[in-house]
Each structure stands twice: as C-alpha cells, then as structure tokens.
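S.K.: Got a structure for you, questions after.
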Amino acid sequence: MTFAEIGLHPAILKALTDSGYSAPTSVQKEAIPAALEGRDLMVSSQTGSGKTAAFMLPALHRFASQERAADPARPASPERRPARGRSNDRQRFQPAQPRMLVLTPTRELALQVTAATDKYGRQLPNVHAVAILGGMPYPKQMELLGRNPEILVATPGRLIDHMSSGKIDFSQLQVLVLDEADRMLDMGFIEDIERIVAATPGSRQTMLFSATLDGTVGEMAKRMTRNALQIRVDEASTRHDNIEQRMHFVDDLSHKNRLLDHLLRDSSIDQALVFTATKRDADTVSDRLNLAGLNAAALHGDMHQGARNRTLTAMRRGQVRILVATDVAARGIDVPTITHVFNYDLPKFAEDYVHRIGRTGRAGRNGLAISLVHHAEHFNVKKIERFTKQLIPVAVVVGHEPTRRPAPAKPRPTGKPAWKGGENRSHKPSSAPRREGLPRTPYRDAGAHGAANTGRRTYGDR
Ligand code: AMP
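Residue numbers for the sequence shown follow the numbering used here, so the first one is 2 and each next one is one higher.
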C-alpha cells in the first residue's frame, strides 16, 4: 500500500516525497485510512513507529480538502484576524479557534510534532501549527495565538492557563489527539486532560496514542472516544527488534565512568544518548566527558527552554556527539542519527527502558542500547526483562572486567524462568566466559543477539 493509494491530498503526497517517505509504516497503514473516514482511534504504538504522521496526515488531508471547499464555519484568513496595526493594539484579544489540538506530555515532543506538521504541511500554505508550551515567554505565546493557527500542539498545563484566561475557544475544534497518553497520566495530567477534553465539542474526532492501552489509560481512552478502532502495532516494532541490547556489570562509580569513557570512544558511534537518573548527574557526566575530550552536552528540566532548544538543535546538526539527559528531557527526542543509547543509570520503571532505547534505531535504522549495571541492581534488570520479554545479554570489555557480578542462573527442574525466581542470587564472581547456564525462558535466547564487537565478549549467563 502506498500513500497515494491511501488517497491523501496531492499537496501532502508531494511533501512526503520531499521528506523521502516511500511507503507508510505499519501504524500509518492501519491508522490513516480509518482516520480519513473520520473514525476515532485508540492506538498502542511506540515512539519511532511513525505515529506522528499517522494522526497528522489525515488531519492535514481534512483541512486541505476543507480549504478547497471553503469552510463555512470559518471565515477566510483576512477577516479572521483583522490586521493589528498600532491603532488596534487596545482592541480586545480575539480567542484563537483551532481546528485541531494535539496534547503531548513534554515540550520536546510538542516541538517535534510541530516541526513534523510543518514538514508534512509544507505545501499547504494556509494550514499553520504552533506549539503552546510552559517555559515559553507569555508575549510570544500571545503573538502565536493571535495568528489564529489551525493546529495547536500543547502541553496540558500551559494550555489550561490560556483557556482560563479566555485566549482559546475550542468551539471550532474538529480533531483532538492525545499523544503518549500513558506518559501524560504518569506525569499527573489527568485532571488537566479531563478539563481540556470537556471544553471541546462532542462532534470532534479523537485519536489517542499510547505505549499501552491497558489499565487507567485504556479506561480514559474509552471515555474520551466513540466507537474507536483499536490498533496495536506489530510486535516487531514494539519489541524494538532492530535495537541490539547489552549490559555490562560494573563494580562501582569509578569503574562505571571508566567503562563509559571507553565505550563512547567506539568509532561506530555517530551520536549517543546517555541517560542519567538525576539532573545533577546529567551535568556532572557531561562535564566529565568534555574534560575527557569527548564532545558532550547535558539536557535536563532545570535548563531554560532556550538552552534546551539550542542543545537539541546542536545535536540534530551533528555539532554535539553525546547528549547526557534525564528521562523527561529526553522524551520525544527524535534524532535519527543517534546510533547508541547508554543507560548510565537504569530507569526506575521498565516502561522507561523501552522509551529510552527507542531513541535509537529510528526510522528503520539499527541501534545499540547498552546498560551499565551494578550487581546490586540485577533485580531491576530482571524487571526490565520481564516487561520486554527479552533477555539482555551480558557483555564484557577486556581490560574493564567487573570483579563481581551475579553468578549464572541454575536452571530449575521446573524450567521456571529466572525472572520468576529461578535465578541463583549468589553474587560470587564467575571465572571464565561461558555461554551455558541460560535459564529456559519462554522468550528469545540471549545467544541470538550474536557476539559483541571485536574486543568484547558476550556471555549468555548471569
Ligand atoms: P515518530 O514515531 O512519529 O516519532 O516517527 C519516527 C521517525 O520516523 C521520524 O524521524 C519520522 O520522520 C520517520 N518516519 C515517519 N513515517 C515515515 C515513513 N513512512 N517513512 C520513513 N520515515 C518515516
């Protein structure tokens, strides 16, 4: 199936060709035709699957077609906003009346969605998207809203501020998208979302995207959609099969730092993203890497929005090779040239591991995700493996071997997987590299990942 066969507007097809998109991704193949029919959608898909185009292309198609037919609900551009000369400065601010609203959990994702919209809508000069974000100067936001954009991309908190002060009127809203809905719930936006949705017309089309549709997010999705088509994207992309995973055991902080320095010098790295648990660590690690002669920058929530944007732009332009970031700051980062993701610290939640490693292997490329794990954190690795249903092979770099690491699991007579309590919790150092001792698990054999690069050995044991 091609984008042309799906029946998208010629102006959008041209923009897609210019962007080098030859065929729709799995989620796009399923979501776009249904969305073009006006159906509500509940989609479970990972970032990196092409989900932005899955909701934005049908919406742009709708607006492009309405433009040709002249939308009676909306006066044409010149009257929509009277020219605001100096004499009009005191004129009452007319609320923006967007036709589409995309809610995202973070500023970075909002900016990325806005940039993607500009790209897909390049041939549609009358369709504009603006991002409304916390951290952006208020006058700038007023100016953007004053342009009465068709598409608003917003984080919930700042949007509520503008709604409360009467700057936005949702009476003309046709399309509502909740992007990374699970994440918005994790971040405590549920009440804001409920309030925003209640302010939109019941006739709207609603598309909800989330890593999972289980539990609370599934319930919310059902409340906010009507007869929604449920789409679950093919297993291969949600399992990140194009991303090789490895873990290295480390003895202590100094061992971890030495190993990270060593691994980052690998010439196969185009660009790398290093995750730390805290903002302070992001700064410290980035400073240390720069002192060691590696080109690094930090990205975290304590930085001003301007500095965050500049850092991301430098990363996208290839001026920064290593970005050291916290989870929230890195959420939504889409830099296709990131070849490696490092977990300097393991994430607290297994879901975050999946989001983190999904920062590499974008747009059909391959990627490598490497976790540096203290032996005492082995339990967290088990949680991640249980969540992803994949084993993370252990790798060792010659000259940087750990002195301690959990001993290999002994297969129990029941064949009970290690993560169900079958592992041997003794932390005795194991001597020679071995491949035996892999627990019998219902999922993929760690050996299937193959051996690591020259100079490294991959062990299947724990
Ligand atoms: P997303 O999941 O929306 O964050 O998209 C992930 C990456 O895939 C982005 O870099 C997009 O530009 C890219 N992408 C989306 N759809 C396609 C497509 N059909 N062909 C090639 N690249 C795509």
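We put the CB at the ideal spot given by N, CA and C, even for glycine.
Check this for me: beta carbons of L290 and I334, under 8 Å apart or not?
M.R.: Taking 8 Å as the Cβ cut-off, L290 and I334 do not qualify as a contacting pair.
S.K.: Mind checking whether the beta-carbon of P106 lies closer than 7 Å to any heavy atom of the ligand AMP?
M.R.: P106 Cβ: outside cutoff for every heavy atom of the ligand AMP.
S.K.: E245 lies in the alpha helix (DSSP H); which residues open and close that run?
M.R.: Not the alpha helix (DSSP H): E245 falls in the beta strand (DSSP E), residues I244 to V251.
S.K.: If I follow the unbroken beta strand (DSSP E) through G21, where does it start and stop?
M.R.: Unbroken run through G21: none, as it is neither H nor E.
S.K.: Hey, could you find the ends of the beta strand (DSSP E) N344 is sitting in?
M.R.: N344 -> beta strand (DSSP E) spans I339 to N344.
S.K.: Name, in chain order, the residues that DSSP records as bridge partners for H375.
M.R.: Its beta-bridge partners are V251.
S.K.: Does the stretch 336 to 351 come within contact of the stretch 200 to 216, defined as at least 3 CB pairs closer than 8 Å?
M.R.: No: the two stretches stay apart, fewer than three of their Cβ pairs being nearer than 8 Å.
S.K.: Could you give the distance in angstroms between the alpha-carbon of P202 and the alpha-carbon of I13?
M.R.: Their Cα atoms are separated by approximately 27 Å.
S.K.: Can you tell me which of the three DSSP states F4 falls into?
M.R.: DSSP places F4 in helix when its eight states are reduced to three.
S.K.: Flag this pair as touching only if the stretch 26 to 35 and the stretch 54 to 61 have three or more C-beta atom pairs under 8 Å; answer yes or no.
M.R.: They touch, by the three-pair rule.
S.K.: For the candidate residues V355, G122 and L261, whose alpha-carbon lies nearest to that of V286?
M.R.: With distances taken between Cα atoms, V286 lies closest to L261.
S.K.: T118 lies in the alpha helix (DSSP H); which residues open and close that run?
M.R.: Where T118 is concerned, the enclosing alpha helix (DSSP H) stretches over R108 to Y121.
S.K.: In chain order, what residues of the same chain have a beta carbon less than 6 Å from the beta carbon of F190, not counting five sequence neighbours either side?
M.R.: Excluding sequence neighbours, F190 sits near P157.
S.K.: Can you grab the Cα-Cα spacing for the pair R405 / L373, in whole Å?
M.R.: Distance between the alpha carbons of R405 and L373 is about 13 Å.
S.K.: According to DSSP, is F64 part of a helix, a strand, or is it coil?
M.R.: It is helical.
S.K.: Taking 6 Å as the limit between beta carbons, can you name the residues of its chain near L145, skipping five residues before and five after?
M.R.: So the list reads V131, once near-sequence residues are dropped.
S.K.: With a 10 Å radius around its C-beta and 16 neighbouring C-beta atoms as the bar for buried, classify H241 as buried or exposed.
M.R.: H241 should be labelled buried.
S.K.: Cβ of S27 within 7 Å of any heavy atom in the ligand AMP?
M.R.: Checking every heavy atom of the ligand AMP against the Cβ of S27, none is found closer than 7 Å.
S.K.: Tell me which same chain residues have a C-beta within less than 6 Å of the C-beta of L177, skipping the five on either side of it?
M.R.: So the qualifying residues of the chain are L102, T201, R205 and T207.
S.K.: Mark Q320 as exposed unless 16 or more other C-beta atoms lie within 10 angstroms of its C-beta, in which case mark it buried.
M.R.: With fewer than 16 other Cβ atoms within 10 Å, it is exposed.
S.K.: Answer yes or no: do A111 and T105 have a C-beta to C-beta separation smaller than 8 Å?
M.R.: Against a cut-off of 8 Å, the Cβ pair of T105 and A111 comes out as a contact.
S.K.: Rounded to whole angstroms, what's the CA-CA distance from G86 to Q175? Just pull it up for me.
M.R.: Its pLDDT being 35, under 50, G86 is placed unreliably in this model, and the value from its coordinates should be taken loosely. Roughly 31 Å between the two C-alpha positions.
S.K.: Who are F380's beta bridge partners in DSSP?
M.R.: None, per the DSSP bridge assignment.
S.K.: In terms of residues, what are the limits of the alpha helix (DSSP H) holding I358?
M.R.: Where I358 is concerned, the enclosing alpha helix (DSSP H) stretches over A351 to I358.
S.K.: State the beta-bridge partners of S211 as determined by DSSP.
M.R.: Looking at the DSSP assignment, S211 forms a beta bridge with S45.
S.K.: Measure how close the beta-carbons of L42 and A229 come, nearest whole angstrom, since I'm counting them as under 8 Å.
M.R.: Confirmed, Cβ separation roughly 6 Å.
S.K.: Which stretch, first to last residue, makes up the beta strand (DSSP E) that contains L300?
M.R.: Here the beta strand (DSSP E) through L300 covers A297 to L300.
S.K.: If I measure Cβ to Cβ from H263 and keep anything under 7 Å in the same chain, skipping five residues before and after, which residues do I get?
M.R.: Contacts found: V398 and H401.
S.K.: To the nearest angstrom, how far is it from the Cα of Q246 to the Cα of K280?
M.R.: Going from the Cα of Q246 to the Cα of K280 covers about 25 Å.
S.K.: Kindly examine the ligand AMP and report whether one of its heavy atoms sits closer than 7 Å to the Cβ of G51.
M.R.: The answer is yes for G51.
S.K.: Just to confirm, does E22 get its C-beta within under 7 Å of one of the non-hydrogen atoms of the ligand AMP?
M.R.: Residue identity check: residue 22 is Tyr in the sequence provided, not Glu. Yes, the ligand AMP has a heavy atom inside 7 Å of this Cβ.
S.K.: In angstroms with no decimal places, state the Cα-to-Cα distance between H375 and V336.
M.R.: Approximately 29 Å between the Cα atoms of the pair.
S.K.: If you drop the 5 nearest sequence neighbours on each side, which residues of the same chain put their C-beta closer than 7 Å to that of R108?
M.R.: Only L134, G135, G136, T156 and Q306 meet the Cβ criterion.
S.K.: DSSP three-state label for Q29, please.
M.R.: The answer is helix: DSSP assigns Q29 an H, G or I state.
S.K.: For H10 and A65, which I take to be in contact (beta-carbon distance under 8 Å), what is that distance rounded to the nearest angstrom?
M.R.: Indeed, because the Cβ distance is near 4 Å, the residues count as touching under 8 Å.
S.K.: Report the rounded CA-to-CA distance for V44 versus D353, giving the unit in angstroms.
M.R.: Rounded to the nearest angstrom, the two C-alpha atoms are 19 Å apart.
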